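Everything below concerns the one structure shown next.
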Amino acid sequence: MNIVTSLTQAISQALLALYGIEADDKSIVLQDTRKDFKGDYTLVVFPYVKQARKAPEAVAQEIGSHVKEHLPLVSGFNVIKGFLNFEVADSYWLKFVAEKGNDTAFGLRQADVTSAPVVVEYSSPNTNKPLHLGHIRNNLLGWSVSQLLAAAGANVKKVNLVNDRGIHICKSMLAWMRYGGGETPESSGMKGDHLVGKYYVEFDKHYKEEVKQLMESGVEEEQAKKEAPLMVEAQSMLKRWEEGDKEVRALWEKMNGWVYAGFDETYHRLGVGFDKVYYESQTYLLGKELVNKGLDMGVLFRKEDGSVWCDLTGDGLDQKLLLRRDGTSVYMTQDLGTALLRHNDFGAERLIYVVGNEQDYHFKVLKLILGKLGFSWADKVYHLSYGMVELPNGKMKSREGTVVDADDLIDEMEQTAADMSREHGKNDELTEEEQRHLHHILALGALKYFILKVDPTKNMLFNPAESIDFNGNTGPFIQYTHARIRSIVRKAAESSEVGAWSSELEMNEKERAVVKILHALPESIAAAAAVFSPAMVANYAYELAKAFNSFYQDTPILREENAQVRAFRVSLCAMVANALKNTMNILGIEVPERM
RNA sequence: GGCUCCUUAGCUCAACUGAAUAGAGCAUCUGACUACGGAUCAGAAGGUUGCAGGUUUGAAUCCUGCAGGAGUCACCA
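Numbering (our numbering), first residue to last: 750 to 1344.
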């Protein structure tokens, strides 16, 4: 049995026997003993001193004795103020490595495919411009949270909802017709999404010019923005699209096709994917029946002008529009519809939306309305809200050209990785193809780790000029550690002298540190999954890699003369390599055999 | 202006549900290569956790107020 559960139970029994305190296992919290003190797990006894009517030191002393007496795995304990530090016998740790050392899936739970799916929506791009750094954070988060939940045993379905219709698409289409001269991805050599994005910018340029001219001729700004010929034409194009105009639809399909080809390439490079892709052009009319249902139920109401609203003033919010007076729906209406669609499509238990924090309000409202409409799963809707990626000179603004393009960024990272690699010059035996693959892995390892190690909810700063480090708390550091370990394990396998070891061995401090971190892997993954935080996984992997390096630096492994100790250390190596691989895989980061 | 979130070392970030002396990396300084892989390791220096109160045996963490920053308050998506 796991030592933590054993300890918890022993403590619970001690509390009952000594003081008659009935503490359930959940209220007993053990924490890792701080490095500077002797021991492995610490119990804070302050919560019990009142009922025990004794000084903290005395209480700790008594609990310690009682536990040690009843739990042989506890080899000793010490008391400092109100902190009771338990020491766990080496034999326990040795047994743990012996049992789990060869388990390549250690720490990962088998996903239960028979349980109700958890649907994770992420990415959700617009098809009028290419992906940028903000999308990268979204995609990486979506993918790794999916991996994380799966590692914790959930049946995860990843979905993407592509925003493929609307006025913004028409802008690109119109500009392409006007100024494009029939340019295609083939003729221009541009990636499809970049080409379409170029015409979106083009539209904005000419449109601003028109607005400026109108204002110079005395038209108010508001009015000028509405009346500029380009805008009027884009609006009419949207109308024709909605009416199913063949010409408009054909162009729409053609240009969206270019964009999808471009997106697929970027998704592939990022290593993300989906189980199902929804298109807004097919779902944007959903939700109206729900509104009718809501009207019947009396949770929604109609105003005199015919528009339909939900009154959320009772929840401390405003009234929210759901149908315009002309009967057309808004964003919220669609999202209500797609939530239901998704729930029905998968029989989903939970819906998770990976969407930026600028939509916090929207999802708060979405959840509330779903609840009012009587859906029991409304409280299982979770908005995984993430902060913006900021640049040293401020926010990214597409219109001002201060965006970091996803493809460009990946290109640069790969170049940097190639340069670094060449500098270290250890990969001469690799073919060119293998080297390219390695550079790709390292580049994405650096990028992904850099982004995922930050708490999702927080805004983060990205400095493209300084690019991303390959030293310190980085993806490549962990990748490097893995590659080194695998190298040792390979050599050990060649020598074939690796045998068993006895539980009588004594571990040194650094070995113990590594083993303890390994031991915590399952709990760490479970804890990270509970709060949807890949960052916690990243920090775990780093801590493990660091502890291993520290151990590795001054402890002989293959040169160790004692065969049993050698065997133990090799097993430990294999286990660390495995744990690094599994945790990095959750982050979507590949880990090389050599680098 | 209302509501929500944020503020930790020079910089970028940690600290799970309140617990011991708030931890890493980068940058700076000092040491360690006849290498089981130095993309490493050992160490130094760097902090009144934005400010002021409060609750608690104990607060970066919870409460109140203030300052600074971001987001949002569309018959846009």
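Cβ atoms here follow ideal geometry from the backbone N, Cα and C, with glycine treated the same way.
Note that the coordinates shown come from a computational prediction; the quantities given were computed from them, not determined experimentally.
Helix, strand or coil: which one does DSSP assign to residue 823?
Numbered from 1 along the first sequence, position 74 holds the residue referred to as residue 823. Residue 823: strand per DSSP, three-state reduction.
I think residue 860 touches residue 902, with their Cβ atoms under 8 Å apart; what is that distance to the nearest whole Å?
Taking the first sequence and counting its residues from 1, the one referred to as residue 860 is at position 111. Taking the first sequence and counting its residues from 1, the one referred to as residue 902 is at position 153. Correct: roughly 6 Å between the Cβ atoms.
Bridge partner(s) assigned by DSSP for residue 791
Mapped onto the first sequence, residue 791 falls at position 42. DSSP output for residue 791 lists 780, 834 as bridge partner(s).
Inter-residue CB distance, residue 910 and residue 1087 (contact presumed, cutoff 8 Å):
Your numbering for residue 910 matches position 161 in the first sequence. Your numbering for residue 1087 matches position 338 in the first sequence. The Cβ separation is near 7 Å, so the contact holds.
Under the rule that 16 or more other beta-carbon atoms within 10 Å means buried, what is residue 946, buried or exposed?
Within the first sequence, the letter at position 197 stands for residue 946. That one is buried.
Take residue 1311 and list the residues in its own chain whose beta-carbon comes closer than 8 Å to its own, dropping the five residues that flank it on each side.
Here residue 1311 refers to the residue found at position 562 of the first sequence. The answer is none, since no qualifying residue turns up.
So, for residue 837: in the same chain, excluding its five sequence neighbours on each side, which residues have a beta-carbon less than 8 Å away from its beta-carbon?
As a position in the first sequence, residue 837 is number 88, starting the count at 1. The residues are 752, 789, 790, 822, 823, 824.
DSSP-derived helix/strand/coil call for residue 870
Locating residue 870 in the first sequence gives position 121, where the first residue counts as 1. Strand.
For residue 1114 and residue 1132, which I take to be in contact (beta-carbon distance under 8 Å), what is that distance rounded to the nearest angstrom?
Sequence index remark: in the first sequence, residue 1114 carries index 365 (1-based). Sequence index remark: in the first sequence, residue 1132 carries index 383 (1-based). About 11 Å; that fails the 8 Å criterion.
Quick test of your reading: residue 1330 and residue 1299, contact by CB under 8 Å. State the CB separation rounded to the nearest angstrom.
Along the first sequence, one-based indexing puts residue 1330 at 581. Along the first sequence, one-based indexing puts residue 1299 at 550. The pair is not a contact, with the Cβ atoms about 20 Å apart (cut-off 8 Å).
Taking only three categories from DSSP, how would you classify residue 1350?
As displayed, the chain neither begins before 750 nor continues past 1344, which places residue 1350 out of reach and without an answer.
Hey, residue 1082 and residue 1100 are a contact pair by Cβ (cut 8 Å); roughly how many whole angstroms apart?
Position 333 of the first sequence, counted from the first residue, corresponds to residue 1082. Position 351 of the first sequence, counted from the first residue, corresponds to residue 1100. No, residue 1082 and residue 1100 are not in contact; Cβ-Cβ is about 17 Å, not under 8 Å.
How would you call residue 914, buried or exposed, if buried means at least 16 neighbouring beta carbons within 10 angstroms?
Mapped onto the first sequence, residue 914 falls at position 165. So residue 914 ends up on the buried side.
Should the segment 1114-1129 be regarded as contacting the segment 1151-1158, the criterion being three or more beta carbon pairs within less than 8 Å?
no
Could you pull out every unbroken alpha helix (DSSP H) segment of at least 4 residues lying fully inside the segment 1222-1251, listed in chain order?
1224-1244
CA-to-CA distance, residue 1324 to residue 1307, given in whole angstroms:
One-based indexing of the first sequence puts residue 1307 at position 558. One-based indexing of the first sequence puts residue 1324 at position 575. Going from the Cα of residue 1307 to the Cα of residue 1324 covers about 16 Å.
As a quick exercise: from 876, 857, 866, 758, pick the residue whose alpha carbon is nearest that of residue 1268.
Position 519 of the first sequence, counted from the first residue, corresponds to residue 1268. Minimum Cα distance to residue 1268 is reached at 857.
Should residue 896 go down as buried or exposed, given a rule of 16 or more other Cβ atoms within 10 Å for buried?
Along the first sequence, read from residue 1 onward, the residue named residue 896 stands at position 147. With 16 or more Cβ atoms within 10 Å of its Cβ, residue 896 is classed as buried.
I'd like to check one pair, residue 772 with residue 812: are the Cβ atoms closer than 7 Å?
Looking up residue 812 in the first sequence gives position 63. Looking up residue 772 in the first sequence gives position 23. No, the Cβ-Cβ distance between residue 812 and residue 772 is not below 7 Å.
Strictly by DSSP, which residues pair up with residue 1059?
Along the first sequence, read from residue 1 onward, the residue named residue 1059 stands at position 310. DSSP, once it has assigned bridges, lists 1049, 1069 as partnering residue 1059.
Per DSSP, which one or two residues make a beta bridge with residue 980?
Sequence index remark: in the first sequence, residue 980 carries index 231 (1-based). The partner list for residue 980 (beta bridge, DSSP) is empty, contrary to what the question assumes.
Going by Cα to Cα distance, which pick from 784, 1297, 1168, 880 is closest to residue 1237?
Residue numbering aside, residue 1237 sits at position 488 when the first sequence is read from its first letter. Checked all of 784, 1297, 1168, 880; the closest Cα to residue 1237 is 1297.
Are there 16 or more other CB atoms within 10 angstroms of the CB of residue 1021, so buried, or fewer, so exposed?
As a first step, residue 1021 must be located in the first sequence, where it is residue number 272. That one is buried.
How far does the alpha helix (DSSP H) with residue 960 in it reach, from first residue to last?
Along the first sequence, read from residue 1 onward, the residue named residue 960 stands at position 211. Residues 941-965.
Give me the DSSP bridge partner(s) of residue 750.
Translated into the one-based positions of the first sequence, residue 750 becomes position 1. In DSSP, residue 750 forms no bridge with anything.
If the criterion is Cβ atoms closer than 7 Å, does the pair residue 887 and residue 871 meet it?
As a first step, residue 887 is located in the first sequence; it is residue number 138 there, counting from the start. As a first step, residue 871 is located in the first sequence; it is residue number 122 there, counting from the start. Yes, the pair counts as a contact, with Cβ atoms nearer than the cut-off.
Specify, as a first and last residue, the run of the alpha helix (DSSP H) that residue 1104 falls within.
In the first sequence, residue 1104 corresponds to position 355, counting from 1. No alpha helix (DSSP H) holds residue 1104; the beta strand (DSSP E) holding it covers 1099-1105.
Neighbourhood of residue 964 by C-beta distance below 8 Å, restricted to the same chain and skipping five residues each side:
What you label residue 964 is simply residue 215 of the first sequence in a count that begins at 1. Correct list, in chain order: 970, 973.
If you measure between the beta carbons of residue 1291 and residue 1222, is that distance less than 7 Å?
For the purposes of this step, residue 1291 is taken as residue 542 along the first sequence, with counting starting at 1. For the purposes of this step, residue 1222 is taken as residue 473 along the first sequence, with counting starting at 1. Closer than 7 Å, so yes.
Identify, in the order they occur along the chain, each residue of the same chain with its Cβ nearer than 8 Å to the Cβ of residue 1203, setting aside the five sequence neighbours on each side.
As a first step, residue 1203 is located in the first sequence; it is residue number 454 there, counting from the start. Correct list, in chain order: 1209, 1284.
Three-way DSSP call (helix, strand, coil) for residue 1139 in this model:
Taking the first sequence and counting its residues from 1, the one referred to as residue 1139 is at position 390. If DSSP states are grouped into helix, strand and coil, residue 1139 belongs with the strands.
Would you mind reading off the limits of the beta strand (DSSP E) that contains residue 1026?
Here residue 1026 refers to the residue found at position 277 when the first sequence is read from its first residue. Here the beta strand (DSSP E) through residue 1026 covers 1025-1028.
Give me, in chain order, the residues of the same chain whose beta-carbon lies closer than 7 Å to that of residue 1328; leave out the 5 immediate sequence neighbours on both sides.
Position 579 of the first sequence, counting from 1, holds the residue named residue 1328. Once the five neighbours on either side are set aside, the close Cβ partners of residue 1328 are 855, 856, 1267, 1270, 1293.
Following the continuous beta strand (DSSP E) through residue 906, name the residue where it begins and the one where it ends.
Within the first sequence, the letter at position 157 stands for residue 906. Segment 905-911, the beta strand (DSSP E) holding residue 906.
What do you reckon, are the CB atoms on residue 977 and residue 952 nearer than 7 Å?
To locate residue 977, count along the first sequence from 1; it is residue 228. To locate residue 952, count along the first sequence from 1; it is residue 203. The answer is no: Cβ separation not under 7 Å.
CB-CB under 7 Å to residue 1240, same chain, minus the five flanking residues each way: which ones, in chain order?
Sequence index remark: in the first sequence, residue 1240 carries index 491 (1-based). Closer than 7 Å at Cβ, skipping near neighbours: 1307.
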